[in-house]
Amino acid sequence: MSSSNRDKAEGMTDKIKGRAKEAAGSLTGNDRTKSEGRADQDKGTLKDKKGKAKDLFK
1 MSSSNRDKAE
11 GMTDKIKGRA
21 KEAAGSLTGN
31 DRTKSEGRAD
41 QDKGTLKDKK
51 GKAKDLFK
């Protein structure tokens, strides 16, 4: 797997994990878990963009 594909896959995984964590935080009323979920989504978005940028410079 190329580096760019790995970054995009990890980004998607982080985004999905973040959505689940944010939803769990909302359901339980746990603001910390909800915030961690948003942070995971942001981390995933950055990894995805990093992978796309690598594709541009191939």
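Everything in the sequence shown is counted per the UniProt record's numbering, starting at 1 for the first residue and increasing by one.
Glycine is no exception: its CB is placed at the ideal position from the N, C-alpha and C atoms.
Residues 7, 8, 10, 11 and 14 of the same chain have their beta carbon placed closer than 8 Å to that of residue 47, with the five preceding and five following residues left out of the count. Apart from the 5 residues on each side of it in sequence, residue 31 sits with its Cβ closer than 8 Å to the Cβ of 25 in its chain, given in chain order. Secondary structure note for residue 26: its alpha helix (DSSP H) is the uninterrupted segment 3 to 28.
The continuous stretches of alpha helix (DSSP H) do not include residue 58, and DSSP gives it neither H nor E.
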